Each structure stands twice: as C-alpha cells, then as structure tokens.
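In the UniProt record's numbering, the protein residues as written are 1 to 818.
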C-alpha cells in the first residue's frame, strides 16, 4: 500500500495582510480610497505583534508534527511491503513540476526512508521496541501540550497586566484633566480678580477709601495716652469680658521655629531702627494693640507699649525693654530647651519676688516650667533695676557663685580709676589690702567698732548690704527686701551700725515716699543674730514729713546720725527747707529729732556732711561766697538728744569745693580736692597748725574715697566668710525645693558669693540696649556660644530689628482688644 503525503493546507491570509496588500496596490497606482480604510478600534500594537507571533509559532509546530507523522507512516508502510516503496504522486497540484525535479525528489525521499528504517533497526537491536518509540512520542506530545498551555497562560496574564495598566493610565489621565480644569478655573478667577482691581470702578472707589496710616503719619496723641499713668492704672484693674476665651494656640505653635541668630541689617545707621511697612502700619492703627503669643502658657499679654519700645518709638526714644519682652524671650528659650540641657531660666518676676521677701519655690521644684533645679547646674536670672537697667545673673547651684553679665558695667571712660582698699599708716604710707570685692558696685555706708558697712550690687539701689571686718578679713551680707515697689516709695537708703551692748552689727533699710502727706515711712531692720528682716512698728518711726540726706552718716555713742530736713511753707507761700539732725538709737530702735541751735545754724553749710572724730560728731561743707568757697568744719557734742556744745575747727577759703573724708593721727582733716580737669580728685591733708595742704599723691574718681579709723575687733568671728543671709535669699529656695538633699550639698557650709563676668561686650550707641543684651546673653550662654561680637552697637540693633519682626510675625490677637 502506497502512501502519498498530504499537501500543506494553504494558510488563509490575515485580514491585516489583505488590508496591507490592497493598500500597497492602491499606493502603487498613486491613489487610496477611503472605503478601503476600515474603521477599526485602536489597539496596542505590541500586544497584536505578540499574539500574531504566538499564532505563527503554533501553526509551524503543528505542521512539523503532521510531516513527522506522515514520515513515520511511510516508514512503517515500507517495512510492511518489505522495502518496496511507491514513488511520490505528483498528480494534481504538482503535475506542473519538471520530471527531472520529480525524479530528484523521489530519490531524496527514498534515501530519507532508508535512513529512518536503518535507524529503527539499529534502535531495535539496542533494546528499543516499537512500543518504546510510541511511548516516547506520546511523552513528547504531552510535554509540548503543557508548554503550549503555559504559553497560553502567559499570554492571558500579560493581557491582564496590560488591562490593569490601561485602567491606571485612564484614572491618572482623568485626575490630570481634573487638575488642569481646577487650575484653569483658578487662573480665570485670578484674572477676573486682577481685572476687578484694575477696573475704573475699583479705582474710583479706592480714591474715596482711607489709606492705612503709618506711625510717622499720626500726631502721637493716642500713643501718648497708652504711656500715661492713667492707662497703666486702668490696665491693673482690667478684667477679661465674661465668656471670652483666647484662641487655641496649637496651630499657631506649629509655625514657631527655634531662634536663628542673624546680625545683618538693612542699613548701618545707629540712630534709627529699621522696621517693615507692615509693622509701621500696625503701629498706625488705633487702639491698645493687645496681643499674646503661642509659646506663652499663662499667657503674657502685651499692648502698644510693648511694640513701640521694642523699636525705640517710646516717648524717651530709648527703647528700654519691659518685663514682658524679657519674660516672653525666656519662655521662648525654654520652649526649645533640649531635654538633656543642664540649665534652667526664670523670668524677671523671680528676682522681684526674692526682693519682696517671698520664696518662689515653684520655680525651683519644676512646678512652673517642668524643670527641677535639682536636675540642672546653672540657672539664668534676668534682673531689672526698676526703670534703670537690665542685666543677667548666672547662678551656679553647687558652688553658690552668682556671676553678673552686665553690658553696662563698662560704660566708663578709660580715665576712671580701679578701686582698691589699703591701710593708711600714721606716716601716710599705704599698704594695700587684698580683697575679692567688686569695687565698681561698692557704696560705703559707714563704720562702727572697727567694722565697715557697704551696699553692694546693681539690681536696685542698695540691693545688698554687707559688713566687713578688715582685722579678721571676714565679710557677711544680706539681701535687701523691697516690700514697696510703687512709685511713691522711690526714696531709699541703707544705714549701718553696731549695737554697743552686745557688739551686734545691724543694717537698716529706710524707705519713704515722694509725697509725705499720703504715706508714712517704712523701716526694716536686719540683725546678724536673727538673720532676718523685721519691720519697725509705727510708734518707733519719725514724723512722716521728715527727710534724710543719705550721702553721709556717722555712729557715735550707740546712735546713728544723719543730716535731716523738712519742707515748710513761708508766709508768702514759698517753700523752704528747715534743717535738723536725726538720730537712731541702736539699742531701743527709736528715731529722734535733734534741733540745731540758731547761732550754729546760720554758720553751717546747708546741706552739711556728717562724720565723726572719735566720740564727737563732725559736720562739714562748703559755703558759696560768690567768687570763692568757704570750707568749714564744726565739732559737736550731743548729750541726751540735744547739741550741748559746738566749735568751729576750720573755716578756710578755697577756689573749689572740698569734701571731708576723715582725720589723721594728729586730728588734721583729710580732704578730697577736685583737680582743674574736673573728673579727677586727689587726697590731701590740711595742716591746721601751719594752715597748709600736704598732697598724699592719691588720685581717684570724685566721691569714691572713704576713710575710717582702724581698730582690732572680733565681730563676725562666728560667721562664715562671704555668707549671704536673709529669708529672701536663694539658699532658702534651694532648701525648700530639696535641691540640697538631691545634690548632696551641705547646707551648713553653703553660701552665696558674687562676681562680675569679664571680657563681655559693652553696650553703646544711642538707645538703651541693656535689655537687648540680656536676650543675647540668654541665647548665647544657653547654647554654649561665645559672647564676643565684632561691633556691639550694630549687633544690638540687628537683634532688636529681628526680634521685632519675630514677635510681629507670631502675634495673636487677644480677647483684650477693646
């Protein structure tokens, strides 16, 4: 039986191929009709090519399988016919072939069949049967079918991914279209908005509107009201409207960033603080301009005075910072304080409470700012000398050392002298006494029983009183409390004496008002045995109309003596001063008036300086004689509260004013003489016997000399050197906050000492920059930065300008806006 191989089925052309063939034929004729361009949907060309390639591969494999089967059938048929083979049939579709070509195909086909038969016989000899061949064939077929199935799955998976990608692309296209539409609408609204403001209608309306005024465009009458005492008094009595609350600060606080120091300025002018137009228009608005700030928790409320003084537009044009400026700066520094920092800060109110005999323990125990002093090493304290000066104190807790950073401590000419303390011997030679006092802050009060009294410290007038025994080189002091901070109690002085019966030093703090008709005296007394301040009862006080000259005092016979006076009205309505002497009994704690005899009063210089020569009171002074001065010294003897006798020691003409400093061993007066230059004074001894001056060769600043007789004494022997006492002191705060216990500090040996920082920038320029320098010191010391700057004046002005912009940026309107 012969086998004729089946011809391959002609592959039907694909629609796309038909389309291309027609399109190519029309192009060759130079014409393409639209009817031959089918309307088909856009598809992804890559997927179409992939699908066509897969189909061609499958068809090719199927054709190979068919030819393989046909060859196997022919071989098997040849075996059954014992090698007889029919020739290939070329009738039908292949009849047109060349006979020679047909013969060649028959020979090649025969060779192929013979090769297959021989191969099969050899495989049978090697142990392969026909069943094995068939089984192998079916295995190959199974593998091929599995491979085709995998390829089919891959094609379907690819189609699914492409579908997901197309969906995502469609969504993104829709979103982009939506955004473009929104931007288009916003652009159209902006165009319409600008068109409105450029229209003639708006321009005509704008001409009738009032433009915002700047600070320099208003007359200043409204601003003057907010600096008046009437407004200050009204502010103290102001209460918030019922039901009104401040806005939530959470969102505002997100915009507050840590301070970045910037010392650049728009211009370098030292007589002007540059402010923005927005800031100037803000100051031009009517009203108190009350605001609060996001980082202030209580909060600190500010008004117009805050904004104007910050940029030196206050009435004095000095730019002195208020307590609110420093308090807000301290709270701002604490807001960004690192958790592991070893420092704490307090507001200026802390020191005010200390001076008022209060114990603000809530600052030290962490109740106020969540920072316990037991966990830190330093505390920075801004200090305000009321309406005079700002400076910074750095308190080192373990050592008790308080270091003052005062930008104004260097505001003195290079010609000024350094202070010193020395012994003046009988031969007028000097031996310097080494001390660790800060002479620039020392103010001598008086002496008694070999002990000298001083006031110390720049916080407020006579902030700290301390006594010093030069024979045993020991000093002790006390903080001075201030129960009266109001304006009517601006006259204050310290007095010093030693009680004669028990040799106990005492310090008096005397305050009285400007207007004697409305307020009485306030006298506090500190004893080193009780180590506390006590107020004298009213019955111990003098008449409230009396006043003291605090320039001098002396201690004689257990009494402190001053020059006193009283303002009286003459018959014609004019005011004159009636002078007298006032004394304070160091045993009974009572004041007493001492009348000056008329015959002595007419010869005394008024007001006079009080001192003593051993157990006698000495009054001295200068009388102006038109073309010269007459310097006189009177020696008084006081018995039982009256002047029993008086004698003129000297009365000499002099071209300049003299000042009695003390006496030498021969009872000759030591005088302070002013040089022709004016700013330098020199010490000289006036020899009464010869009527001549002897220059000691000691020069110094005017009013800086103080001489007291030396005597051996054991007063202060039982006190720790440089110990600072007083219930208002820092040790009490540390003790009640359990800082001593937690830091293992011995309370019995603990004391407060003071020193001044050196090599710090000195303020200058035209404005009061001491408060600005406190802010600079707080920032730099807390961040471990150097204090030195290249140009202190420009640095302070730059800080002021940037602080103004910072506070203005973060202001929040308060409920107190009416």
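Idealized CB from N, CA, C, for every residue including glycine.
Bear in mind the structure is a predicted one, so any value in this text is a computation, not a measurement.
Unbroken beta strand (DSSP E) run spanning residue i, endpoints
| i | result |
| --- | --- |
| residue 756 | 753-756 |
| residue 649 | 642-654 |
| residue 456 | 451-456 |
| residue 535 | 532-535 |
| residue 775 | Looking at the DSSP string, residue 775 is not in any beta strand (DSSP E); the run it does join, the alpha helix (DSSP H), is 770-782. |
| residue 445 | 443-448 |
| residue 805 | Element bounds for residue 805: not the beta strand (DSSP E) but the alpha helix (DSSP H), 792-809. |
Whole-angstrom distance between residue j and residue i, CA atom to CA atom
| i | j | result |
| --- | --- | --- |
| residue 691 | residue 705 | 23 Å |
| residue 818 | residue 235 | At residue 818, the pLDDT of 43 sits below 50, so the modelled position is not reliable; the number obtained from the coordinates is stated separately. Looking at the two C-alpha atoms, the distance is approximately 12 Å. |
| residue 745 | residue 718 | 21 Å |
| residue 756 | residue 401 | 10 Å |
| residue 477 | residue 465 | 6 Å |
| residue 737 | residue 362 | 8 Å |
| residue 540 | residue 370 | 46 Å |
| residue 347 | residue 337 | 15 Å |
| residue 563 | residue 449 | 22 Å |
| residue 664 | residue 451 | 18 Å |
| residue 646 | residue 601 | 11 Å |
| residue 273 | residue 806 | 15 Å |
| residue 17 | residue 141 | 32 Å |
| residue 534 | residue 368 | 30 Å |
| residue 752 | residue 682 | 36 Å |
| residue 259 | residue 391 | 21 Å |
| residue 486 | residue 523 | Low per-residue confidence applies at residue 486: pLDDT is 48, beneath 50, and the placement is therefore not dependable, though the value from the model is reported in the following sentence. Whole-angstrom Cα-Cα distance: 16 Å. |
| residue 302 | residue 662 | 52 Å |
| residue 459 | residue 318 | For residue 459, the predicted model reports a pLDDT of 47, less than 50, meaning its position is unreliable; a value from the coordinates is still stated below. Roughly 20 Å separates the two Cα atoms. |
| residue 840 | residue 398 | Since the first and last residues shown for the chain are 1 and 818, residue 840 lies out of range. |
| residue 567 | residue 359 | 39 Å |
| residue 673 | residue 684 | 7 Å |
| residue 648 | residue 517 | 37 Å |
| residue 780 | residue 252 | 26 Å |
For residue i, the first and last residue of its enclosing alpha helix (DSSP H)
| i | result |
| --- | --- |
| residue 250 | 250-253 |
| residue 268 | Per DSSP, residue 268 belongs to no alpha helix (DSSP H) and is neither H nor E. |
| residue 730 | 730-736 |
| residue 475 | Taken as a continuous stretch (DSSP letters only), residue 475 belongs to no alpha helix (DSSP H), being part of the beta strand (DSSP E) at 474-479. |
Pair within 8 Å by beta-carbon distance, residue i and residue j
| i | j | result |
| --- | --- | --- |
| residue 561 | residue 610 | yes |
| residue 291 | residue 814 | yes |
| residue 527 | residue 506 | yes |
| residue 653 | residue 689 | no |
| residue 351 | residue 381 | yes |
| residue 651 | residue 632 | yes |
| residue 799 | residue 470 | no |
| residue 765 | residue 270 | yes |
| residue 474 | residue 716 | yes |
| residue 494 | residue 445 | yes |
Outcome for residue i when other beta-carbon atoms lying within 10 angstroms are tallied against a minimum of 16
| i | result |
| --- | --- |
| residue 414 | For residue 414, the pLDDT reaches just 41, beneath the cut-off of 50, and the residue's location in the model is therefore unreliable, although a value from the coordinates is still provided. Residue 414 is exposed by the Cβ-count criterion. |
| residue 771 | buried |
| residue 628 | exposed |
| residue 776 | buried |
| residue 202 | exposed |
| residue 275 | buried |
| residue 197 | exposed |
| residue 554 | buried |
| residue 796 | buried |
| residue 423 | exposed |
| residue 576 | exposed |
| residue 841 | Nothing about residue 841 can be reported from this structure: the residues present for the chain run from 1 to 818 only. |
| residue 165 | exposed |
| residue 530 | exposed |
Check: residue i C-beta below 7 Å from any heavy atom of the ligand FAD
| i | result |
| --- | --- |
| residue 568 | The ligand FAD is not part of this structure, which contains no ligands at all. |
For residue j and residue i, believed in contact at Cβ under 8 Å, the rounded distance
| i | j | result |
| --- | --- | --- |
| residue 606 | residue 579 | 5 Å |
| residue 308 | residue 328 | The Cβ separation is near 16 Å, so there is no contact. |
| residue 373 | residue 344 | 6 Å |
| residue 176 | residue 226 | About 56 Å; that fails the 8 Å criterion. |
| residue 326 | residue 733 | With 8 Å as the limit, residue 326 and residue 733 do not qualify as a contact, their Cβ atoms being about 20 Å apart. |
| residue 604 | residue 593 | Not quite, the Cβ-Cβ distance comes to about 16 Å (not below 8 Å), so this is no contact. |
| residue 761 | residue 788 | 7 Å |
| residue 587 | residue 501 | 6 Å |
| residue 671 | residue 686 | 6 Å |
| residue 615 | residue 557 | 7 Å |
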